[in-house]
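Colleague: Right, I'll just put the structure down here and ask away after.
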Amino acid sequence: MRIRSEIILFFLLISVIPLSIVAYISYDNGKEAIRASVMEKLLGATENTGNAIDNWMAARKDDMRVISQSRIVVSKDKKQLHEYLDTFVRGYRGVYREFFILDLNGSIIFSTLDREGNAGNERYFTEAANGKLYVSDVSLSEIPGSSEMIIANPVKNNGTITGIMAARVSLENLYRIIENIDVGKSGEVFIVNKDGNIIFHKNRSMILLRSIDDNHAVREVRYEKNGIAEYINYKGEKVLGSYYWLPLYRWGLIVEENIDEAYTGVVTLGRLMVTVSFFAIIGVVFLAVVISRRLTEPIKSLENGAIDLVKGNFRPIPVTSSNEIGRLAEIFNQTASELLFIRKKLEDRIQLANHDLEKKNRELIDANEGLKKLDVMKSEFISLISHELKTPLSTIKVSAEYLETDDNADPVERKEMLRVIIKNIDRQTRMINDILDLSKMEAGKMEFQFENVDMREIVNAVIENIGQLALKKKITISLDIPDSLPQIIADKEKLIIVLNNLAGNAFKFTPEGGSILISVKDLGDSIEVSMKDTGIGIDKEKLEKIFDKFYQVDSTSRRKIGGCGLGLSIASGIIRTHGSQIHVESKPGGGSTFSFRLKKAEP
Ligand code: ADP
């Protein structure tokens, strides 16, 4: 799971669970408080209504006490009685339907409705006759849907009961008071008498025609109890019912309110709690998202930075805070740049090492190529040397055989044969000496004896060597040497070898009729010796190679001309030992000039 999800989950857990508990406890407490308040209100309303009934009834009883003791009633003057009592009937607007007076036998002696009759058996009469104010049970009046009761009080004259004053009291006014109780849309108020018969109901048709037994409140109130309870009412609805026993009239006042309606506050509270909890959770989630983003964003950028670092394209990550994560980001940036620096250094070193390796590899390849070439050259050399060594041997053999077979040969011819034999032996000796010189030089075993040398002597020795041959080949040899030539420091014998080789080549590669110029120039602290011919010349790209061992430019001309490609190697080795080098200028068909410089001897 990602850190961010974990943080959000953590916030939800530590907030939603306590929040739910608090919300539930608040709801439960609130619910109880609302229930208590609803019940208190209902009980209060019931009690107030009971008091209102009591007051109303007390007022009626007071009326009767006052009326029955009035002088007019005691005198029983019918005209005055009419005037007096009619004012009550009118004044109380329908409360009193009839006032009537009974004698002690129960006969009606006066009625505001002029009614006649005897009520001697009626309870109100007997009770009042016994000197008590009596209130009868509620009964239906002759007006449909209207109920009434009779209040009777003895009429006393000087303390003696002289008659009974009675009034038929309509309960409509009382009912209106009761109907003022706020019991909501579905609530009901009704009054039952001690037998459980309804004596007040909004639905007047139920009055005295319906008795309710299967109702908790009715049962309780008939046990003369007051209280409040939740129960299923006679209509099968769940209600909150308050019941109040009115002992004076043995009535039970019952106020019922539909339980849902009564407790709408609880439902509202529940909804409020759910709404508040919902918004609180939304708030917590929002906070969790914001906080988790603040926390995880730097971690995420650290992660991205680390990934970039691994890929090698790291850019410093932004440091957005000065807390631990911010410091971690700083340390990360620092470490990353150090790592990159080290990496760069390592890469540079590896690159250098690679270059070095590549160079060495190329050198190895070149060396290998060189070895291969050397190998080829050696093979060529072996075949060449065999050929070169074999050629004089064949000549020597032919001449020797001739001398052996022909005892009578002409002495001139014999001499010529012997000369040929000696010449070829010399040639072979030279060749073998060349090979020996080169191998000695390469092994560093050639001995040099430096001394003051006169260059002219060396040039003369060389001309002596090739003079005759040049004459035969009609090649002109000319010299360009200053009269006063300073001495140089050199190994005389070795310098003769050098000049012999250069002159030998000039002679070999210059066709008949050509010329060779040997010149020596004074350059101040050194002299320059050069050998110029008008021979076949050398290709520019082959110029560097002619100093290599066994190298020969053209095999066809070589085969005609002879040699084994060692002369220039030996010459350049000797001049190198003298601290100089041989320089060549040549172009094909345009002749060649070989030159080198040598230090002058101290004067
Ligand atoms: P070689 O025994 O073949 O003469 P060198 O080492 O003396 O061997 O010379 C190498 C090659 O250089 C010769 O074979 C020839 O091809 C070329 N060379 C040397 N000197 C001359 C020259 N004066 N003119 C033309 N080519 C020359």
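So the sequence shown is numbered by my numbering: it starts at -18 and just counts up by one.
We put the CB at the ideal spot given by N, CA and C, even for glycine.
Taking only runs that begin and end inside the region 350 to 392, name each unbroken alpha helix (DSSP H) of 4 or more residues, in chain order.
Modeller: Segments of the alpha helix (DSSP H) lying fully in the region 350 to 392: there are none.
Colleague: Would you kindly work out how many angstroms separate the C-alpha atoms of Met20 and Ile132, rounded to a whole number?
Modeller: Spanning the two alpha carbons is a distance of roughly 35 angstroms.
Colleague: Determine the closest residue to Tyr156 out of Ile145, Cys545, Ile179, Lys475, with distance taken between C-alpha atoms.
Modeller: Ile179
Colleague: Rounded to whole angstroms, what is the Cα-Cα separation between Ile89 and Glu153?
Modeller: Cα-Cα distance, rounded: 25 angstroms.
Colleague: Identify, in the order they occur along the chain, each residue of the same chain with its Cβ nearer than 6 angstroms to the Cβ of Met422, setting aside the five sequence neighbours on each side.
Modeller: Counting only Cβ-Cβ distances below 6 angstroms, and skipping sequence neighbours, we find Gly554.
Colleague: Compute every distance between the C-beta of Val534 and the non-hydrogen atoms of the ligand ADP, then say whether any falls below 7 angstroms.
Modeller: yes
Colleague: Are there any heavy atoms of the ligand ADP lying less than 7 angstroms away from the beta-carbon of Asp514, as far as the coordinates show?
Modeller: yes
Colleague: Comparing C-alpha positions only, which one of Asp347, Val270, Leu483 sits nearest to Leu(-10)?
Modeller: Per the Cα distances, Val270.
Colleague: Taking only three categories from DSSP, how would you classify Glu123?
Modeller: Looking at Glu123 - three-state DSSP - the assignment turns out to be coil, as it is neither helix nor strand.
Colleague: With distances taken from CA atoms, which of Tyr115, Tyr212, Tyr225 is nearest Glu238?
Modeller: Tyr212
Colleague: With the cut-off set at 8 angstroms, would you say Arg96 and Phe80 are in Cβ contact?
Modeller: no
Colleague: Among the candidates Thr93, Ala442, Lys523, whose CA atom is the shortest distance from the CA of Arg149?
Modeller: When C-alpha distances from Arg149 are compared across Thr93, Ala442, Lys523, the shortest belongs to Thr93.
Colleague: Taking one C-beta from the region 252 to 268 and one from the region -13 to 6 each time, how about it: are there three or more such pairs within less than 8 angstroms?
Modeller: yes
Colleague: Using a threshold of 8 angstroms, state whether the C-beta atoms of Phe488 and Ile517 are closer than that.
Modeller: The answer is no: Cβ separation not under 8 angstroms.
Colleague: What alpha helix (DSSP H) runs, 4 residues minimum, are completely inside the region 10 to 56?
Modeller: 52 to 56
Colleague: For Ile280, which residues of its own chain have a beta-carbon under 8 angstroms away from its beta-carbon, when the five flanking residues on both sides are left out?
Modeller: Ile(-16), Ile306
Colleague: DSSP beta-bridge partners for Pro135?
Modeller: Ile145
Colleague: From this set, Ser49, Lys183, Ser186, which residue's C-alpha is nearest Pro586's C-alpha?
Modeller: Since the displayed the chain opens at -18 and closes at 584, residue 586 lies outside it and no answer follows.
Colleague: Could you give the distance in angstroms between the alpha-carbon of Pro392 and the alpha-carbon of Ile366?
Modeller: 34 angstroms
Colleague: What whole-angstrom Cβ distance do Asn111 and Gly101 have, given they're in contact under 8 angstroms?
Modeller: About 13 angstroms separates the two Cβ atoms, so there is no contact after all.
Colleague: Put Ser576 into one of helix, strand or coil per three-state DSSP.
Modeller: strand
Colleague: What is the DSSP secondary structure of Val164, counted as helix, strand or coil?
Modeller: coil
Colleague: May I ask you to report which of helix, strand or coil DSSP gives Phe528?
Modeller: Correct three-state label for Phe528: helix.
Colleague: Would you report the Cα separation of Met38 and Met187, rounded to the nearest angstrom?
Modeller: In a straight line, the C-alpha of Met38 is about 22 angstroms away from that of Met187.
Colleague: Along the chain, where does the alpha helix (DSSP H) that runs through Asp461 open and close?
Modeller: Element bounds for Asp461: not the alpha helix (DSSP H) but the beta strand (DSSP E), 457 to 461.
Colleague: Could you check if Ser538 is buried or exposed, using at least 16 other CB atoms within 10 Å of its CB as the buried criterion?
Modeller: Note that Ser538 scores a pLDDT of 44, beneath 50, so its modelled location is shaky and nothing firm can be said.
Colleague: Taking its Cβ as the centre, do 16 or more other Cβ atoms sit within 10 Å of Lys60, making it buried, or is it exposed?
Modeller: exposed
Colleague: What does the Cβ neighbour count give for Leu229, buried or exposed, with the cut at 16 atoms within 10 Å?
Modeller: exposed
Colleague: Buried or exposed for Ser56, please, with buried defined as at least 16 other CB atoms from any protein chain shown within 10 angstroms of its CB.
Modeller: exposed
Colleague: Output the distance between the C-alpha atoms of Ser500 and Leu345, rounded to the nearest integer angstrom.
Modeller: 42 angstroms
Colleague: The beta strand (DSSP E) with Leu452 in it runs from where to where?
Modeller: Note, Leu452: premise wrong, no beta strand (DSSP E); alpha helix (DSSP H) at 436 to 453.
Colleague: Using the three-state DSSP reduction, which class does Gly75 fall into: helix, strand or coil?
Modeller: coil
Colleague: Considering only the beta carbon of each residue, do Tyr596 and Gly233 sit closer than 8 angstroms?
Modeller: There is no way to answer for residue 596, as the model of the chain reaches only from -18 to 584.
Colleague: Could you give the first and the last residue of the continuous alpha helix (DSSP H) run that contains Val534?
Modeller: Taken as a continuous stretch (DSSP letters only), Val534 belongs to no alpha helix (DSSP H), as it is neither H nor E.
Colleague: Please name the residue in Val534, Ser511, Thr515 whose C-alpha comes closest to that of Glu522.
Modeller: Closest by C-alpha distance to Glu522, out of Val534, Ser511, Thr515, is Val534.
Colleague: Which parts of the region 167 to 251 are runs of the beta strand (DSSP E), unbroken and 3 residues or longer, counting only runs that do not cross its ends?
Modeller: Correct list: 169 to 174, 179 to 182, 208 to 213, 219 to 227, 232 to 239.
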